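Numbering (my numbering), first residue to last: 662 to 848.
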(Lines of atoms letter the chains of each structure in order from A; the text may use other names.)
(Lines give C-alpha, C1' and ligand atoms only; values in the text may rest on other atoms or scores of the structure.)
Protein backbone atom coordinates (compact mmCIF):
# COMPACT_ATOMS: atom_id res chain seq x y z
CA UNK A 662 0.00 0.00 0.00
CA UNK A 663 1.28 3.46 -0.92
CA UNK A 664 0.29 6.17 1.55
CA UNK A 665 0.79 9.74 0.41
CA UNK A 666 1.52 12.64 2.70
CA UNK A 667 0.63 16.04 1.27
CA UNK A 668 4.09 17.63 1.23
CA UNK A 669 3.33 21.33 0.90
CA UNK A 670 3.97 22.30 4.53
CA UNK A 671 3.85 20.73 7.98
CA UNK A 672 4.82 17.43 9.63
CA UNK A 673 5.51 15.50 6.44
CA UNK A 674 8.68 13.62 7.44
CA UNK A 675 7.16 12.54 10.77
CA UNK A 676 4.12 10.96 9.07
CA UNK A 677 6.33 9.29 6.47
CA UNK A 678 8.44 7.73 9.22
CA UNK A 679 5.31 6.34 10.92
CA UNK A 680 4.02 4.92 7.62
CA UNK A 681 7.35 3.15 7.05
CA UNK A 682 7.34 1.76 10.60
CA UNK A 683 4.02 -0.03 10.01
CA UNK A 684 5.20 -1.55 6.74
CA UNK A 685 3.43 0.63 4.17
CA UNK A 686 5.20 2.69 1.51
CA UNK A 687 5.19 6.46 2.09
CA UNK A 688 5.19 9.00 -0.74
CA UNK A 689 5.59 12.75 -0.38
CA UNK A 690 2.86 14.24 -2.58
CA UNK A 691 3.42 17.58 -4.32
CA UNK A 692 2.02 16.92 -7.81
CA UNK A 693 -1.11 15.55 -9.47
CA UNK A 694 0.96 12.67 -10.89
CA UNK A 695 2.04 11.69 -7.36
CA UNK A 696 -1.61 11.85 -6.23
CA UNK A 697 -2.47 9.26 -8.87
CA UNK A 698 0.09 6.80 -7.43
CA UNK A 699 -1.27 6.63 -3.88
CA UNK A 700 -3.89 4.46 -2.18
CA UNK A 701 -4.49 6.81 0.78
CA UNK A 702 -3.57 10.38 1.73
CA UNK A 703 -2.59 12.15 4.95
CA UNK A 704 -3.10 15.90 5.25
CA UNK A 705 -0.53 16.86 7.91
CA UNK A 706 -0.58 19.54 10.55
CA UNK A 707 0.84 22.93 9.70
CA UNK A 708 -1.02 26.11 8.85
CA UNK A 709 -4.37 25.37 7.20
CA UNK A 710 -4.69 28.67 5.30
CA UNK A 711 -1.22 28.26 3.79
CA UNK A 712 -1.74 24.60 2.91
CA UNK A 713 -5.15 25.45 1.41
CA UNK A 714 -3.65 28.14 -0.83
CA UNK A 715 -0.79 25.87 -1.89
CA UNK A 716 -3.21 23.04 -2.77
CA UNK A 717 -4.88 25.43 -5.20
CA UNK A 718 -1.62 26.86 -6.57
CA UNK A 719 -0.17 23.37 -7.10
CA UNK A 720 -3.42 22.29 -8.82
CA UNK A 721 -4.06 19.52 -6.26
CA UNK A 722 -7.31 20.56 -4.61
CA UNK A 723 -9.77 19.25 -7.22
CA UNK A 724 -7.89 15.96 -7.59
CA UNK A 725 -7.86 15.39 -3.81
CA UNK A 726 -11.61 16.09 -3.68
CA UNK A 727 -12.28 13.76 -6.62
CA UNK A 728 -10.19 10.90 -5.17
CA UNK A 729 -11.77 11.31 -1.71
CA UNK A 730 -15.28 11.24 -3.18
CA UNK A 731 -14.33 8.06 -5.05
CA UNK A 732 -13.42 6.43 -1.72
CA UNK A 733 -9.71 7.02 -1.22
CA UNK A 734 -9.01 7.18 2.53
CA UNK A 735 -7.99 10.68 3.62
CA UNK A 736 -6.80 11.58 7.12
CA UNK A 737 -6.35 15.13 8.32
CA UNK A 738 -4.31 15.82 11.46
CA UNK A 739 -4.69 19.23 13.17
CA UNK A 740 -4.58 21.65 10.20
CA UNK A 741 -5.61 18.69 8.03
CA UNK A 742 -8.81 18.45 10.09
CA UNK A 743 -9.56 22.06 9.17
CA UNK A 744 -8.83 21.34 5.49
CA UNK A 745 -11.34 18.45 5.46
CA UNK A 746 -14.17 20.33 7.21
CA UNK A 747 -17.36 21.46 5.49
CA UNK A 748 -17.75 24.12 8.18
CA UNK A 749 -15.15 26.31 9.91
CA UNK A 750 -16.57 28.25 12.84
CA UNK A 751 -16.44 32.04 12.30
CA UNK A 752 -15.12 31.62 8.77
CA UNK A 753 -17.11 31.60 5.53
CA UNK A 754 -14.69 29.84 3.22
CA UNK A 755 -13.59 26.24 3.54
CA UNK A 756 -10.89 24.27 1.76
CA UNK A 757 -11.78 20.73 0.63
CA UNK A 758 -15.36 20.82 1.97
CA UNK A 759 -15.49 17.02 2.40
CA UNK A 760 -16.28 16.09 6.02
CA UNK A 761 -19.52 17.11 7.74
CA UNK A 762 -17.91 18.67 10.80
CA UNK A 763 -17.87 22.16 12.32
CA UNK A 764 -14.26 22.91 13.31
CA UNK A 765 -13.00 25.73 15.53
CA UNK A 766 -9.46 26.79 14.58
CA UNK A 767 -6.83 27.31 17.31
CA UNK A 768 -9.52 26.30 19.78
CA UNK A 769 -7.12 25.45 22.57
CA UNK A 770 -5.23 28.73 22.33
CA UNK A 771 -1.74 29.73 21.27
CA UNK A 772 1.46 27.71 20.94
CA UNK A 773 2.03 28.29 24.67
CA UNK A 774 -1.25 26.47 25.41
CA UNK A 775 -0.08 23.25 23.73
CA UNK A 776 -0.49 20.08 25.78
CA UNK A 777 -0.37 16.28 25.77
CA UNK A 778 -3.27 14.11 26.91
CA UNK A 779 -3.56 10.33 27.11
CA UNK A 780 -6.73 8.46 26.35
CA UNK A 781 -7.88 5.07 25.13
CA UNK A 782 -9.72 5.33 21.82
CA UNK A 783 -12.11 2.44 21.29
CA UNK A 784 -11.52 0.69 18.00
CA UNK A 785 -8.13 2.32 17.63
CA UNK A 786 -6.11 1.14 20.64
CA UNK A 787 -6.54 -1.14 23.64
CA UNK A 788 -4.36 1.12 25.79
CA UNK A 789 -4.29 4.89 26.33
CA UNK A 790 -2.45 6.70 23.57
CA UNK A 791 -0.62 10.03 23.75
CA UNK A 792 -2.33 12.92 22.00
CA UNK A 793 -0.18 15.99 21.26
CA UNK A 794 -2.19 19.20 20.84
CA UNK A 795 -0.37 22.18 19.29
CA UNK A 796 -2.56 25.26 18.58
CA UNK A 797 -5.13 22.57 17.96
CA UNK A 798 -8.64 22.82 16.58
CA UNK A 799 -11.55 20.79 17.85
CA UNK A 800 -14.91 19.79 16.41
CA UNK A 801 -17.88 21.66 17.86
CA UNK A 802 -20.56 19.77 15.96
CA UNK A 803 -20.81 16.73 13.69
CA UNK A 804 -23.22 15.81 10.93
CA UNK A 805 -25.39 12.70 11.15
CA UNK A 806 -22.97 10.49 9.21
CA UNK A 807 -19.96 11.30 11.38
CA UNK A 808 -18.77 8.88 14.08
CA UNK A 809 -17.08 10.48 17.06
CA UNK A 810 -13.98 8.47 17.97
CA UNK A 811 -12.68 10.54 20.87
CA UNK A 812 -13.52 13.54 23.03
CA UNK A 813 -11.53 15.45 25.63
CA UNK A 814 -13.43 17.63 28.09
CA UNK A 815 -16.55 17.33 25.93
CA UNK A 816 -14.74 18.48 22.76
CA UNK A 817 -14.50 16.15 19.76
CA UNK A 818 -10.83 15.55 18.91
CA UNK A 819 -11.14 12.53 16.58
CA UNK A 820 -13.91 11.63 14.15
CA UNK A 821 -14.57 9.51 11.10
CA UNK A 822 -17.00 9.81 8.21
CA UNK A 823 -16.74 6.89 5.80
CA UNK A 824 -13.28 7.08 4.23
CA UNK A 825 -12.44 10.37 6.00
CA UNK A 826 -10.60 10.55 9.32
CA UNK A 827 -9.82 13.71 11.29
CA UNK A 828 -7.76 14.18 14.45
CA UNK A 829 -7.15 17.48 16.25
CA UNK A 830 -3.87 16.13 17.63
CA UNK A 831 -0.57 14.93 16.17
CA UNK A 832 -0.06 11.14 16.44
CA UNK A 833 3.04 11.49 14.25
CA UNK A 834 4.83 13.36 17.05
CA UNK A 835 4.69 10.33 19.36
CA UNK A 836 6.03 6.77 19.19
CA UNK A 837 2.51 5.32 19.21
CA UNK A 838 1.48 3.77 15.89
CA UNK A 839 -2.19 3.17 16.79
CA UNK A 840 -3.79 5.86 14.63
CA UNK A 841 -1.53 5.21 11.63
CA UNK A 842 -2.39 1.49 11.85
CA UNK A 843 -6.09 2.32 12.18
CA UNK A 844 -5.93 4.56 9.12
CA UNK A 845 -4.15 2.00 6.95
CA UNK A 846 -5.84 -1.19 8.17
CA UNK A 847 -9.42 -0.08 8.93
CA UNK A 848 -10.16 2.67 6.49
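The C-beta atom is built at its ideal place from N, Cα and C for all residues, glycine as well.
These numbers come from a predicted model, not from an experiment.
query                                                                                                                                                                           : result
Alpha helix (DSSP H) containing residue 717: first to last residue?                                                                                                             : 709 to 718
By the three-class DSSP mapping on this structure, what secondary structure does residue 733 have?                                                                              : coil
Is the CB-CB distance between residue 807 and residue 761 below 7 Å?                                                                                                            : yes
How should residue 832 be labelled, buried or exposed, when 16 other C-beta atoms within 10 angstroms of its C-beta is the threshold for buried?                                : buried
Ordered along the chain, which non-local residues of its own chain (more than five positions away) have a Cβ less than 6 Å from that of residue 756?                            : 713 and 744
Counting only the same chain and skipping the five closest in sequence on each side, list residues whose C-beta sits under 7 Å from that of residue 835.                        : 791 and 793
Within the same chain, show all residues whose beta-carbon is closer than 8 Å to that of residue 695, passing over the 5 residues directly before and after it, in chain order. : 665, 688 and 689
Does DSSP classify residue 694 as helix, strand or coil?                                                                                                                        : helix
Evaluate residue 723 with the Cβ neighbour count: other Cβ atoms within 10 Å of its Cβ, from every protein chain shown; 16 or more gives buried, anything less gives exposed.   : exposed
Going residue by residue through the region 766 to 798, where are the continuous beta strand (DSSP E) segments of at least 3 residues, counting only ones entirely within it?   : 776 to 780 and 790 to 794
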